[in-house]
Structure formats: structure tokens, C-alpha cells
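In case it helps, our numbering puts the sequence shown at residues 13 to 266.
No residue lacks a Cβ here, since even glycine has one placed at the ideal position from N, Cα and C.
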Amino acid sequence: MEAKNIDLRGFKFIETADGSLTLYNPIFDETYHSKTAGAVRESLEKFVYPSLILEKAKSQKSIVILEVGFGLGYNAAVAITELLKVNPNLKITYWGLDLIVNPLIEKLSLPQPYGEIYELLKHRLLKEKKLQFSEGNLEFNLILGDATKTIKGLNIKADAIFHDAFSPQKNPQLWSLEFFKEEKRNIKPEGFWVSFSVAKKVRQNLLKLGFKLFNVKPVGRRAPSTAASLNPPERLNEYLTPLEEKELKKLLKG
13 MEAKNIDLRG FKFIETADGS LTLYNPIFDE TYHSKTAGAV RESLEKFVYP
63 SLILEKAKSQ KSIVILEVGF GLGYNAAVAI TELLKVNPNL KITYWGLDLI
113 VNPLIEKLSL PQPYGEIYEL LKHRLLKEKK LQFSEGNLEF NLILGDATKT
163 IKGLNIKADA IFHDAFSPQK NPQLWSLEFF KEEKRNIKPE GFWVSFSVAK
213 KVRQNLLKLG FKLFNVKPVG RRAPSTAASL NPPERLNEYL TPLEEKELKK
263 LLKG
């Protein structure tokens, strides 16, 4: 889908459980965030916490994040804010992939402590029309276009990949084995891939590429979400639980 063909008239603002707003996207017939979990809570508990970047920020001098699906920018703002809380001197490099910068984010806001970074992102993207910029210890890069193509131009080593595309049912090309191969190429062996999806095919594709799988503590629903790492540390946090043997067997059976 070309960005020029996107009609914004069908987009609708929706309040989520924690009071933060999300958008309904009529193209994919989905909201950008979970209505029952809350948008900010989802950013924290499905992406930031299980990715282990906050633990790494205590000992590393830099953190690199790749996000597939910049969306409304919530994950970026929340992650950057939380990282700087842990280590104010941390160098943060953010790479985001998306089709467009949705101009409707101008009407959105985040509560403190996330509001300051979110307003900075909005100002640079919407007012200054800058997709790449540096601010203090932050290096921000947003690449627009078809992510199946733009990811092939990336050559980074991410500490975390936030895979936050629309669902496998609505946007299957971003959940394919081929796309996951590109993500694998751009992640550190000890890095964590995290996503809201718990789809069987998604997990099978990750297993085929040598990732070890983890259930992420449920938020806003009974089912967990998914985290994966090629070489995970022995010490995890409360949000991550390795898959049980019976779960793995079901996936491996196909």
C-alpha cells in the first residue's frame, strides 16, 4: 500500500483502559493499542519491561532499539523515557519503520513522565518534518515506506526489537519467515524480540530461525504475549517465563 493512497477520514480516537487515547485504523480494521490493557501500560508491559533493556541500561553505555510499526509513537516515547530514568547518560539509538507519520498524532498526548519526550517527537516529526535527528543522548531515525523493503537497507545490531505491526491476520507480510530473517540479521544474539502476538505461526517462524521463546506476563487479556532471543541471559525478570515443554512440542508438531 502506498502512503499517498491512505485516507485519514476513517481514523477514530478511542480511549483505552488507562485513560490514554489510541486510534482506530480503518485500513487494517484494528486499533493501534489494546483498549483493555491501556496504551501506556501496554507499551511498558508488552514491550519495554520484557525486552530487558532497562536491566541492560544499568551496565551498558548505549542501547539500540528497532521498532517495526512506529504507529503513534507511544512505545518510542515510553522506552526512551524509562531508559533515561535508569541511566541519564545512556546513549539511545532508535530506529523505527512505518508507512507514514500519521498527522493525527498532533492531537494526542501522553501523561508525565512520558509527555516531554512525546512532545519532542511530535514537534520534530510534524513541525520540523525531520525523520532523523539528535537530541542530547538520543539519536532518532524513522524510515518511511514498505517495511518489507526498507528493513533490507538496515544493518544494525539492536538490543531490542519491538515488533508492533498490525496483526498477522491483517498484515501478514510483516510476520512472515522472510521478514523475521531480516529482523534476526539486525538483532544482537542476546537481544530480545518482543511482540503482542501469541499466534502459532508467528512462534513457529521464530523457532525455525533459532530463537528461544518466552511467554510474556499477560496484560489486558488472559493470553500472554511473546518474547524471543537467540542467546538469552540466565537471569530474567518477572515478565518473562520460558515456554513449557508441552507448549514447545505443540509448536514443533506444526
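Which residues in the same chain as residue 92 place their Cβ atom closer than 8 Å to its Cβ, once the five residues preceding and following it in sequence are excluded? Numbered from its first residue, the sequence shown carries residue 92 at position 80. Excluding sequence positions up to five before and after residue 92, its CB lies within less than 8 Å of the CB of 104, 106, 129 and 150, all in the same chain and listed in chain order.
Can you grab the Cα-Cα spacing for the pair residue 66 / residue 227, in whole Å? On the sequence shown, residue 66 is found 54 positions in, with the first residue counted as 1. On the sequence shown, residue 227 is found 215 positions in, with the first residue counted as 1. Computed Cα separation, rounded: 18 Å.
Under the three-state DSSP convention, the category residue 217 falls into: To locate residue 217, count along the sequence shown from 1; it is residue 205. In this structure, residue 217 counts as helix in the three-state DSSP scheme.
Is the number of C-beta pairs between the region 134-143 and the region 46-54 that are closer than 8 Å three or more? Between the region 134-143 and the region 46-54 there are fewer than three C-beta pairs closer than 8 Å, too few to call the two in contact.
Go ahead and pull the three-state DSSP assignment for residue 55. Locating residue 55 in the sequence shown gives position 43, where the first residue counts as 1. Three-state DSSP puts residue 55 in a helix.
Let's test the definition: count the other Cβ atoms within 10 Å of the Cβ of residue 135 and tell me whether it reaches 16, buried, or not, exposed. In the sequence shown, the residue the question calls residue 135 occupies position 123. Exposed: under 16 other Cβ atoms inside 10 Å.
On the three-state DSSP scale, how would you describe residue 248? Within the sequence shown, residue 248 is the residue found at index 236, counting from 1. If DSSP states are grouped into helix, strand and coil, residue 248 belongs with coil.
If you draw a straight line from the alpha carbon of residue 178 to that of residue 40, how long is it in whole angstroms? Your numbering for residue 178 matches position 166 in the sequence shown. Your numbering for residue 40 matches position 28 in the sequence shown. For residue 178 and residue 40, the distance between alpha carbons rounds to 7 Å.
From this set, 84, 173, 157 and 121, which residue's C-alpha is nearest residue 193's C-alpha? Working through the sequence shown from its first residue, we reach residue 193 at position 181. By alpha-carbon distance to residue 193, the top candidate from 84, 173, 157 and 121 is 173.
Neighbourhood of residue 190 by C-beta distance below 6 Å, restricted to the same chain and skipping five residues each side: In the sequence shown, the residue the question calls residue 190 occupies position 178. Nothing listed; no residue qualifies.
is_contact[residue 211, chain B] using C-beta, thresh 9 Å: Among the protein chains of the structure shown there is no chain B, as only one such chain exists.
Please list the terminal residues of the continuous alpha helix (DSSP H) segment that includes residue 127. If you number the sequence shown from 1, residue 127 lands on position 115. DSSP places residue 127 inside the alpha helix (DSSP H), whose first and last residues are 127-134.
Continuous alpha helix (DSSP H) stretch holding residue 193: start and end: Against the sequence shown, residue 193 aligns to sequence position 181. According to the DSSP assignment, residue 193 belongs to the alpha helix (DSSP H) that extends over 189-197.
Return the chain-ordered list of same chain residues with a C-beta closer than 6 Å to the C-beta of residue 54, the five sequence neighbours on each side being excluded. Residue numbering aside, residue 54 sits at position 42 when the sequence shown is read from its first letter. Contacts found: 45 and 46.
Please identify the residue among 138, 157 and 235 whose C-alpha is closest to the C-alpha of residue 3. The question about residue 3 has no answer, for the chain in this structure spans 13 to 266.
Rounded to a whole number of angstroms, what is the C-alpha to C-alpha distance between residue 183 and residue 148? Walking along the sequence shown from the start, residue 183 turns up at place 171. Walking along the sequence shown from the start, residue 148 turns up at place 136. Rounded to whole angstroms, residue 183 and residue 148 show a C-alpha spacing of 35 Å.
Starting from residue 80, trace the beta strand (DSSP E) both ways and give me its first and last residue. As a first step, residue 80 must be located in the sequence shown, where it is residue number 68. Here the beta strand (DSSP E) through residue 80 covers 74-80.
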